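Residue 5 is where the sequence shown starts when you use the numbering used here, and the numbers rise one by one after that.
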Amino acid sequence: MTRKIKFIILIVFIASIVTYLDWKISTDLDFHSGKDGGLFYTFESILLLGSLFFVVMAKIKRILFIFLGFFGSLFCSIVVYLVLGFSNLIDNLPFHIISCLSFIALFFYLEKLFTKSPTTAKTQ
Numbered sequence: 005m006t007r008k009i010k011f012i013i014l015i016v017f018i019a020s021i022v023t024y025l026d027w028k029i030s031t032d033l034d035f036h037s038g039k040d041g042g043l044f045y046t047f048e049s050i051l052l053l054g055s056l057f058f059v060v061m062a063k064i065k066r067i068l069f070i071f072l073g074f075f076g077s078l079f080c081s082i083v084v085y086l087v088l089g090f091s092n093l094i095d096n097l098p099f100h101i102i103s104c105l106s107f108i109a110l111f112f113y114l115e116k117l118f119t120k121s122p123t124t125a126k127t128q
């Protein structure tokens, strides 16, 4: 399977999970408990989807990338939550979408760092 096909399948999978969770949280009050408004389910899905995305898309060091995916998506979701919270725009759907986009961008940044070949200095 080529990398582009994996990426497209993962994007469709992530979009369907985000849509399903948003629909379920908004329609079924028994789906989530407490007054969190389904934020913990959203947060859990971000962590799982981030770890899954990192493992499937990684070319090398998959074990390392599963941990990077978990902690990277944790970091991204906390930063996005704080940014949206201070701007009074916190809602499940924008939080979920922006967090997923941020861990996808983080993956490509980290992958570029790991696959970057060391430059050789010119000898004089």
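Glycine is no exception: its CB is placed at the ideal position from the N, C-alpha and C atoms. Quick caveat: nothing in here was measured; it's all calculated off a predicted structure.
Query: Could you tell me the alpha carbon to alpha carbon distance between F111 and F99, rounded to whole angstroms?; Result: 18 Å
Query: Taking Cβ to Cβ, would you say F57 is nearer than 8 Å to G73?; Result: yes
Query: What are the start and end residues of the alpha helix (DSSP H) that includes S20?; Result: 7-31
Query: Within the stretch 32-115, note down every full alpha helix (DSSP H) run reaching 4 residues or more, in order along the chain.; Result: 43-61, 66-90
Query: To the nearest angstrom, how far is the alpha carbon of K120 from that of A62?; Result: 14 Å
Query: Do the stretch 74-84 and the stretch 101-116 touch if we need at least three Cβ pairs shorter than 8 Å?; Result: yes
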